[in-house]
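Novice: Using the working numbering, you'd call the opening residue of the sequence shown number 56 and step up by one each time. Okay, handing you the structure first.
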Amino acid sequence: MWSVEKPNFDPGDTFDTCISKVKNKALKARFAGIRQTVVDGSAELNDRATAEELHLIAQADNVDGQVSKDEMVALYDSRFAGKTGPGRSIYSALQLLPRDGRCPYCDHRDVSTLDHVLPKTLFPALAVTPNNLVGSCKDCNKAKLTAAPTSASDSVLHPYYDDLSSAIWLRARVVEQQVCAVLFRAERQQQWSDALNDRLSDQFKALGLGRLYTQQAAREMSGIRRNLIRVHEASANGAAAVKRELRHQWESRSDDMPNSWQTALYDALHNSDWFCEGGFRLGK
Ligand SMILES: [Zn+2]
Numbered sequence: 056m057w058s059v060e061k062p063n064f065d066p067g068d069t070f071d072t073c074i075s076k077v078k079n080k081a082l083k084a085r086f087a088g089i090r091q092t093v094v095d096g097s098a099e100l101n102d103r104a105t106a107e108e109l110h111l112i113a114q115a116d117n118v119d120g121q122v123s124k125d126e127m128v129a130l131y132d133s134r135f136a137g138k139t140g141p142g143r144s145i146y147s148a149l150q151l152l153p154r155d156g157r158c159p160y161c162d163h164r165d166v167s168t169l170d171h172v173l174p175k176t177l178f179p180a181l182a183v184t185p186n187n188l189v190g191s192c193k194d195c196n197k198a199k200l201t202a203a204p205t206s207a208s209d210s211v212l213h214p215y216y217d218d219l220s221s222a223i224w225l226r227a228r229v230v231e232q233q234v235c236a237v238l239f240r241a242e243r244q245q246q247w248s249d250a251l252n253d254r255l256s257d258q259f260k261a262l263g264l265g266r267l268y269t270q271q272a273a274r275e276m277s278g279i280r281r282n283l284i285r286v287h288e289a290s291a292n293g294a295a296a297v298k299r300e301l302r303h304q305w306e307s308r309s310d311d312m313p314n315s316w317q318t319a320l321y322d323a324l325h326n327s328d329w330f331c332e333g334g335f336r337l338g339k
């Protein structure tokens with residue numbers, strides 16, 4: 056959902072590093088035999104992701120009939136993600152790529168793991184491929200669908216390839232009732248393909264982002280309530296003063312991150328006359 060700069064680790068070198076300390080000679084020879092397939096798999100992922108065709112990458116339960124899915128998963132778990140594994144430094148470097156250490160799927164929680172954009176159990180050749188591995192939080196990693204994409208419309212958004220920053224797509228609206236609440240949605244963009252809009256909408260729902268942001272917005276509004284009451288009471292036209300204060304908050308956040316939940320929140324708040332006239336006083 057939020058872009059991350061693509062890593063430039065060589066997929067062949069990364070694979071070599073991971074298998075470098077395999078002691079079982081027969082296993083090591085089988086791993087060495089699939090090296091080119093691993094390298095080609097990374098190139099195909101790059102091309103397909105660029106063309107929004109992730110769903111055309113074939114699933115498999117082994118690599119070249121030489122290395123099983125379980126052996127690739129074990130390679131990732133012990134020799135790439137494992138704390139003493141030879142690939143651990145690459146694992147750690149990939150975790151550092153998302154901006155401010157924030158998960159690019161929710162843009163809220165901290166990066167604490169690596170997510171396989173295409174699951175390693177269905178695409179074992181991509182188990183230790185850097186451009187298939189994105190730093191994420193554990194919640195998003197778990198909530199993300201582990202099924203393989205079946206069409207261009209249900210492919211997961213890839214933070215290294217899908218750049219949504221050309222549009223303001225995260226929107227919020229104030230529910231102007233007894234208790235002030237803010238609801239969030241991913242707004243469809245005319246200039247985007249239907250497939251891209253569907254992928255964003257599906258991922259927004261699958262990761263529970265609406266609920267997450269509504270909860271965070273409630274906390275944020277509690278935190279600014281006292282200040283808004285002060286601003287309101289200090290001015291002859293309190294509602295206009297509150298609106299101005301909220302607009303300044305929106306402008307500042309918008310400059311920094313146009314599609315953050317905070318930007319969407321302050322956009323909705325300063326545009327709600329109901330909120331500026333006193334809705335901000337309501338809350339738990
Ligand atoms: Zn996340």
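By construction, the Cβ of each residue, glycine as well, lies at the ideal position given by its N, Cα and C atoms.
Taking 8 Å as the cut-off, is the CB of H171 close to at least one heavy atom of ligand 1?
Specialist: No, Cβ of H171 sits at least 8 Å from all heavy atoms of ligand 1.
Novice: In three-state terms, what does DSSP make of D119?
Specialist: Coil, per DSSP.
Novice: Residues in its own chain within less than 6 Å of Y268 by CB, not counting five upstream and five downstream?
Specialist: Cβ neighbours of Y268 beyond the five flanking positions: F239 and W316.
Novice: Going by DSSP in three states, L130 sits in which element: helix, strand or coil?
Specialist: If DSSP states are grouped into helix, strand and coil, L130 belongs with the helices.
Novice: Does DSSP put D165 in a helix, a strand or coil?
Specialist: Correct three-state label for D165: strand.
Novice: Q246: which of F259, S220, K260 and S290 sits nearest, CA to CA?
Specialist: Selected option, being the one with the closest Cα: S220.
Novice: Take every Cβ of the stretch 320 to 335, pair it with every Cβ of the stretch 292 to 305, and state whether three or more of those distances are shorter than 8 Å.
Specialist: Flag = yes, the stretch 320 to 335 and the stretch 292 to 305 touch.
Novice: Give the DSSP-derived three-state secondary structure of A148 in the structure shown.
Specialist: A148 falls in the helix class under three-state DSSP.
Novice: Quick check on L283: buried or exposed, where buried means 16 or more other Cβ atoms within 10 Å of its Cβ?
Specialist: Buried, by the Cβ-count rule.
Novice: Can you give, in chain order, each stretch of the beta strand (DSSP E) that sits fully within the stretch 264 to 288 and has at least 3 residues?
Specialist: Qualifying beta strand (DSSP E) stretches: none in this window.
Novice: Which first and last residues belong to the alpha helix (DSSP H) in which F239 is found?
Specialist: Counting along the chain, F239 falls outside any alpha helix (DSSP H), though it belongs to the beta strand (DSSP E) covering A236 to A241.
Novice: Specify, as a first and last residue, the run of the beta strand (DSSP E) that S191 falls within.
Specialist: Start and end: L188 to S191.
Novice: Please find out if some non-hydrogen atom of ligand 1 comes closer than 8 Å to the beta-carbon of C192.
Specialist: True, at least one ligand heavy atom lies under 8 Å from that Cβ.
Novice: Counting Cβ pairs closer than 8 Å, one from the stretch 194 to 212 and one from the stretch 149 to 161, do we hit at least three?
Specialist: Yes, the stretch 194 to 212 touches the stretch 149 to 161.
Novice: Give a single yes or no on whether Y268 has its beta carbon closer than 8 Å to a heavy atom of ligand 1.
Specialist: No, the beta carbon of Y268 sits no closer than 8 Å to any heavy atom of ligand 1.
Novice: Considering L225, what are the terminal residues of the alpha helix (DSSP H) in which it resides?
Specialist: L225 -> not in any alpha helix (DSSP H); beta strand (DSSP E) instead, spanning L225 to V230.
Novice: So, do the stretch 145 to 157 and the stretch 62 to 69 have three or more beta carbon pairs nearer to each other than 8 Å?
Specialist: Contact holds: three or more Cβ-Cβ distances are below 8 Å.
Novice: Taking the alpha helix (DSSP H) that Q91 belongs to, which residues open and close that run?
Specialist: Its alpha helix (DSSP H) spans residues R90 to T105.
Novice: So the candidates are P179, H110 and S206; which of them puts its Cα closest to the Cα of N117?
Specialist: Nearest of P179, H110 and S206 to N117, Cα basis: P179.
Novice: Return the bridge partner residues of H171 from the DSSP annotation.
Specialist: Paired residues: L188.
Novice: Bridge partners for R299 per DSSP, in chain order?
Specialist: Per DSSP, none; premise fails for R299.
Novice: At a cut-off of 8 Å, would you count L262 as near ligand 1, judging by its Cβ distance to the nearest heavy atom?
Specialist: Under cutoff, so the answer is yes.
Novice: In angstroms, rounded to a whole number, what distance separates the CA positions of N196 and R90?
Specialist: Distance between the alpha carbons of N196 and R90 is about 27 Å.
Novice: Report the rounded CA-to-CA distance for S297 versus T139, giving the unit in angstroms.
Specialist: This sequence places Val at residue 297; Ser is not what is there. Between V297 and T139, the C-alpha separation is close to 54 Å.
Novice: Is it buried or exposed for R134, if we count other Cβ within 10 angstroms and need 16 for buried?
Specialist: Buried: at least 16 other Cβ atoms inside 10 Å.
Novice: Taking Cβ positions, are L169 and A136 nearer each other than 9 Å?
Specialist: Yes, these two residues count as a Cβ contact at 9 Å.
Novice: Does the beta carbon of V163 fall short of 8 Å from some heavy atom of ligand 1?
Specialist: Val is not the amino acid found at residue 163; the sequence shown has His there. It does: the Cβ of H163 is within 8 Å (strictly closer) of some heavy atom of ligand 1.
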